[in-house]
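According to numbering that gives the first Met the number 0, the sequence shown is numbered sequentially starting from 0.
A virtual CB, placed ideally from N, CA and C, is assigned to each residue, including glycine.
Written below as structure tokens is the structure these notes are about.
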Amino acid sequence: MSAATEFLAPETVRAAVAALAGDEDAVAVGGASAVSLMMKEGLLLPSRLVWLGRLPDWDRVESRPGRVHIGAGATLAALARSQVVRQALPAVAAAAGVAANPRVRAVATIGGHLAHADPRQDLPPVLLAAGASVAVVGPAGERQVSLDDLLVGFYETALEPGEIITAVEIPVAPGSRQVYARFNPASADDYPTVGVAVHLVAAADGSVSGVRVAVGGCAARAVLLPRAAALLEGLRPSAAEMSALQASVEADVPVAGDHRGSEAYKRRVAGVWARRAVEAARAGGGPLLSRS
Ligand SMILES: Cc1cc2nc3c(=O)[nH]c(=O)nc-3n(C[C@H](O)[C@H](O)[C@H](O)COP(=O)(O)OP(=O)(O)OC[C@H]3O[C@@H](n4cnc5c(N)ncnc54)[C@H](O)[C@@H]3O)c2cc1C
């Protein structure tokens, strides 16, 4: 921070928006895990840091009719240990509990995580598969944005200047199962090479509905793969149908190879792990498949 950088800690959302609006060099701060690194590297030279941690109900996590409400200031560590999240959205809790390392999880907020829009992050695919949306407040008022619409590209969101994320809303379908498959052959606290999240509702006869498949770590943003999900809808998927799912994910997932894996490698990993995640969800096992 330069000597000229102002630090503000507003106590109302309105004051926070006012502090951010009209100054393109003002920066919102959640847990500062990314902001501090970007400042250290000289990528960010804020005129003003607007810390959101004093806003009312900022870290509130609660069950509401048909959904879970998560205040934007809830940390990843808090999500990992929240009984509400662990019970209703176990894959969200599991992903929050393995992202990064304990020091980062202790401060990083869900609002900062989603606004940061790093394509390698763990929560975006899980929250996409869960059908999450975010509450956004800015100079023009309040709006609800699906996570799919919020995520635009490489470190890019649909947030307008001065807008902040105030909460994440995640629907909870009775009987739903979620699995997050985190493939990470590097050290345990490294970013995943590929992360695949699956959501489905399993009926007593073994058939599945409400299938959603999302993949992170492959392209400029985490993506939903509706064609692959539709292949299983209403079925008791056979081995042939599971192979079709895998092939569809491998064909459809947008991939840019990087130092963690070539394009062909990541495609293959996404397909194989999508298949494994669906199988695990159908079997009703734990919410996390991880390889590191
Ligand atoms: C060493 C290290 C390892 C990591 N490894 C992983 C990993 O394995 N998996 C993973 O998923 N992530 C990983 N991360 C990324 C981590 O998840 C993000 O740094 C973190 O989620 C950002 O949250 P924050 O609250 O600290 O955001 P901040 O640093 O405070 O802010 C990040 C961005 O979001 C904006 N912002 C913050 N809050 C809001 C808000 N409420 N509304 C609008 N804009 C806002 C800021 O202006 C900034 O642009 C790692 C980070 C570090 C430093």
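Assigned secondary structure, residue i (DSSP; H/G/I helix, E/B strand, else coil)
i	result
Pro118	coil
Leu329	Nothing can be reported for residue 329, as the shown portion of the chain is limited to 0 through 291.
His198	strand
Tyr264	helix
Leu75	helix
Pro184	coil
Gly215	strand
Ala278	Correcting the residue type first, residue 278 is Glu in the shown sequence and not Ala. Note: Glu278 maps to helix in three-state DSSP.
Arg85	helix
His258	coil
Glu232	coil
Leu287	strand
Val178	strand
Ala134	strand
Ala90	helix
Gly110	helix
Leu150	strand
Val248	helix
Cβ-based burial, residue i [other Cβ within 10 Å; buried from 16]
i	result
Ala165	The sequence shown places Thr at residue 165, not Ala. So Thr165 counts as buried.
Thr156	buried
Phe6	exposed
His198	buried
Asn100	exposed
Pro286	buried
Gln120	buried
Lys39	exposed
Thr192	buried
Val125	buried
Val277	buried
Leu44	exposed
Ala250	exposed
Pro64	exposed
Ligand 1 heavy atom lying under 7 angstroms from the CB of residue i
i	result
Ala33	yes
Ala87	no
Asp188	yes
Thr11	no
Gln120	yes
Leu127	no
His112	yes
Asp147	no
His115	yes
Ile69	no
Val195	no
Thr4	no
Ala99	yes
Ile169	no
Leu36	yes
Leu287	no
Val254	no
Val26	yes
Under 8 angstroms between C-beta atoms of residue i and residue j
i	j	result
Gly194	Val200	no
Leu122	Ala98	yes
Ile109	Ala73	yes
Gly161	Val16	yes
Leu230	Ser242	no
Arg66	Val171	yes
Leu19	Ala8	no
Ala105	Leu78	no
Glu262	Ala273	no
Q | 4 or more residues per run - each alpha helix (DSSP H) lying fully within the region 10–65 | A | 12–19, 32–39
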